[in-house]
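Enquirer:
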Amino acid sequence: MPWLRTYLVIALAVGALVSTVLLVLEPLTDFALLWLEWPGISAAYFFRGAVGGSAFLGIAISWVVNALTYGLGAFVILSALKVLRDA
0 MPWLRTYLVI
10 ALAVGALVST
20 VLLVLEPLTD
30 FALLWLEWPG
40 ISAAYFFRGA
50 VGGSAFLGIA
60 ISWVVNALTY
70 GLGAFVILSA
80 LKVLRDA
């Protein structure tokens with residue numbers, strides 16, 4: 000199943016790209032796309048509220064959680080496309 004590892008890497012790269020674009024666009028759109036970042040923001044708020052930490056740590060947590068969230072979505076789409084293509 001080498002395709003699984005390949006799709007996982009591609010999905011994580013897509014998730015990281017989407018998360019980076021959302022963080023870059025945040026101040027430029029006056030936080031209009033903030034609703035797309037809720038999974039990461041919620042995780043950062045929960046973690047920082049529990050142990051305290053810097054703003055940089057909160058942004059890093061938010062970026063990682065959003066990258067994993069959108070990466071999971073990309074992985075599901077890629078896997079579904081492979082199943083449809085093979086059928």
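Numbering that gives the first Met the number 0 applies: residue 0 is where the sequence shown begins, and numbers increase by one. Positions of the beta carbon are idealized from the N, C-alpha and C atoms, including for glycine.
#1: For residue 76, count neighbouring Cβ atoms within 10 angstroms of its own Cβ and tell me buried if that reaches 16, exposed if not.
#2: Going straight from the alpha carbon of residue 6 to that of residue 69, what length do you get?
#3: Run the CB neighbour count on residue 39, radius 10 Å, all protein chains shown included, and call it buried at 16 or more, exposed below.
#4: Identify which residue in 83, 74 and 67 has its Cα closest to the Cα of residue 19.
#5: CB residue 21 to CB residue 35, shorter than 7 Å?
#6: So what's residue 29 in DSSP terms, helix, strand or just coil?
#7: Since residue 10 contacts residue 73 with CB under 8 Å, what's their CB separation in whole angstroms?
Expert: Let me spell this out:
#1: Here residue 76 is exposed, its C-beta having fewer than 16 other C-beta atoms within 10 Å.
#2: The alpha-carbon separation between residue 6 and residue 69 amounts to approximately 13 Å.
#3: Result: buried.
#4: Residue 19 has its Cα closest to that of 67, out of 83, 74 and 67.
#5: Their beta carbons are under 7 Å apart, which means residue 21 touches residue 35 by this criterion.
#6: Per DSSP, reduced to three states, the secondary structure at residue 29 is coil, with no helix or strand assignment.
#7: The Cβ separation is near 4 Å, so the contact holds.
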